[in-house]
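In my numbering, the protein residues as written are 557 to 1002. The C-beta atom is built at its ideal place from N, Cα and C for all residues, glycine as well. Bear in mind that the values here come from a model prediction, so they are computed numbers and not experimental data. Some notes on the structure that comes next.
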Amino acid sequence: MKPVAPPQTYRVKSFGCQMNVYDGERMGELLAEHGIQPAAEGEEADLVILNTCHIREKAAEKVYSDIGRLVAAGKEAGKAPLIAVAGCVAQAEGEEIMARAPAVSIVVGPQAYHRLPDMLDRAANGERATDTDMPAIAKFDALPARRRRGPSAFLTVQEGCDKFCTYCVVPYTRGAEISRPFAHLVAEAQKLVEAGAREITLLGQNVNAWEGEDEKGRRTGLGGLIRTLARIDGLERIRYTTSHPNDMDTDAGRDLIAAHGEVDKLMPYLHLPVQSGSDRVLKAMNRQHTAEGYLRLIERFRAARPDIALSGDFIVGFPGETEAEFEATLSIVDEVRYAACFSFKYSPRPGTPAATMDGQIAAEVMDERLQRLQARIGHHQHAFNRASVGRTCDVLVERTGRHPGQCLGKSPWLQSVWFEGTAAIGDLVPVTLAEAGPNSLKGVLA
Ligand code: SAM
Ligand code: SF4
């Protein structure tokens, strides 16, 4: 590659999970520290980072179509941007990307992006650079202090996964489970609040596996961390995602459940994926929990916090899934009455055990099951919203609406709420929920 002028502006495009959104923000903060500024709206950036997701095939393929678009736009403008591929596709397919996409200068894995500035120097000299090492904690230590502004912020507390569900690439792309140190997290939360955050969502692939030592050197789990963060003045709301059922059946898990009944700032919302309602499928997925065990866990959360809203993840069409097994998934949706859910067609991922299992399900069967599942989920989501009508709650204003005098924000149960009135972004205002749609509610300032 020819040497190029060092980039002055950047754009990060993040795909996939909230942890990628967090990583994308951290890359931006790191680049800003090195004098590279975000490109203005509508302006071509000198450096484009595609922060990719490998969880399903469609998500992974997006990277190649995006690279093609960037190359074409660069030709038209007479100035090609420097292209970096980050995230889980970079980790899993780094060499393939370099071979298949000559326009890519940098491939950097999710645990190595703190070394981007060095890689940019090498790219400016015409070298192509790849770094897919996994020094997870070193990354956090090397990143600059938070600069991000905004009422609602993400904070990664835990990374990686040791669970090895048979369909999933995360243990291979994000590495083993690690917990960031307690003191670093309290300091980062404090910075976010100083910069205007009123809500923090703690993130992890298995966030409830987080463990550490508190300020007195005592072992503690996520509940202990949440109790400490709740003492930060100005922080009004705490959320966490994604939890794994198996990490709830420990002392730390029990303490987290108890925290829902004791910590006012901990929002009444739990994202707890179950994936399937069939014990045979769960076993083949290596989930190590049963449908019944999951339902008992939900009961314990409801006992601690009766109004808790529940959400989950589901996969339809796992290899060998029969119609009766799929119906068991519909039944669990009816039993839990979720407020929201994510549901996916099974996507065989290279290198995972399920990709070579017998009984791969035909695409049309998966399509049909997904439609039925989503209709059932939508029914319960709408019912949950309708049951909220008449409640008065605080709404955290996140943006103003399309029409003047309209505000949009989130209820404690993570519902989107819009109302008419004047409020500033970041205000917590009391709103009475007045009308329920399937995906949002209309409120009236109380
Ligand atoms: N660790 C979390 C858990 O196990 O509950 C989930 C993290 S994963 C990044 C997010 C979701 O993607 C999973 O809950 C699962 O529903 C979905 N997913 C993962 N691998 C998939 C695959 N191969 N095909 C379809 N969906 C998949
Ligand atoms: Fe993937 Fe399972 Fe780990 Fe979740 S627990 S990240 S689904 S391997």
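Sequence-distant residues of the same chain with beta carbon closer than 6 Å to residue i, five excluded per side
i, result
"T565", "Q593, A595, A601 and D602"
"I871", "Q831, F900 and Y902"
"A884", "G833 and S834"
"M675", "I662 and A685"
"T757", "F710 and R795"
"A694", "none"
"V560", "A680"
"A636", "G630"
Where residue i sits in the DSSP three-state scheme
i, result
"V627", "helix"
"V742", "helix"
"E976", "strand"
"Q564", "coil"
"S944", "helix"
"Y894", "coil"
"S832", "coil"
"T688", "coil"
"D923", "helix"
"V664", "strand"
"L587", "helix"
"V987", "strand"
"R793", "strand"
"H816", "helix"
"F874", "coil"
"C724", "coil"
"V577", "helix"
"L699", "coil"
"L729", "According to the sequence shown, residue 729 is Thr rather than Leu. Three-state result, T729: helix."
"Y902", "coil"
"L970", "coil"
"V645", "helix"
"R843", "coil"
"F1053", "Outside the modelled stretch of the chain, which goes from 557 to 1002, sits residue 1053, for which no answer is possible."
"N607", "strand"
"R774", "coil"
"I756", "strand"
"R861", "coil"
"D950", "strand"
"T912", "helix"
Residues near residue i by beta carbon distance below 7 Å, same chain, minus five either side
i, result
"S887", "G833"
"K558", "G682"
"H845", "P801, N802 and L838"
"A1002", "T948, P986, V987 and T988"
"G982", "P707, G752, R754 and V953"
"F857", "I813, H816, L826 and I864"
"D687", "V664, G665, A668, R671 and M675"
"Q962", "T956, W974 and E976"
"Q930", "S899"
"E589", "P700"
Cβ separation of residue i and residue j, assumed to be a contact under 8 Å, to the nearest whole Å
i, j, result
"N607", "A642", "5 Å"
"G779", "A814", "7 Å"
"E755", "L952", "6 Å"
"P562", "A640", "Between A640 and P562 the Cβ distance is about 13 Å, and since that is not below 8 Å, they are no contact."
"L851", "Q574", "Actually they are not in contact, since the Cβ atoms of L851 and Q574 sit about 26 Å apart, beyond 8 Å."
"V763", "S799", "6 Å"
"L964", "W974", "5 Å"
"G716", "Q761", "6 Å"
Top-ranked residue by Cα proximity to residue i, from the options
i, options, result
"G957", "G716, V945 and G977", "G977"
"L828", "A895, G777, A633 and A628", "A895"
"F898", "L866, I782 and Y796", "L866"
"Q937", "T912, E632 and Q971", "Q971"
"I933", "R625, D869 and E652", "D869"
"L614", "E589, R582, F571 and G961", "The residue asked about is misnamed: residue 614 is Lys in this sequence, not Leu. Taking only the C-alpha atoms, the option nearest K614 is F571."
"V725", "P968, I611, A859 and F882", "I611"
"R810", "A860, R793 and E771", "A860"
"L822", "R783, G773 and T729", "R783"
"R736", "W766, C717 and T729", "W766"
"P673", "E585, P691 and K635", "E585"
"L853", "I917, E920 and D805", "D805"
"L997", "D677, V921 and P968", "P968"
"P727", "G907, A931, G961 and R925", "G907"
"A847", "T878, E891 and N576", "E891"
"A692", "M654, G946 and A732", "A732"
"M922", "G946, T878, L626 and A943", "T878"
"A743", "D770, C609, R730 and K719", "D770"
8 Å Cβ cutoff, residue i in contact with chain C
i, result
"R861", "Structure shown: chain C not included; a single protein chain is present."
Contacting residues, own chain, Cβ-Cβ under 8 Å from residue i (five flanking each side not counted)
i, result
"P994", "G934, Q937, H938 and N941"
"A910", "T722, Y723, A840, M841, F874, P875, Y902 and P904"
"Y578", "F710, L711, T712 and L759"
"K747", "A701 and R702"
**OP:** Check each residue's C-beta against every heavy atom of the ligand SF4 and list, in chain order, those closer than 5 Å.
**Re:** C717, K719, C721, C724, V726 and Q761
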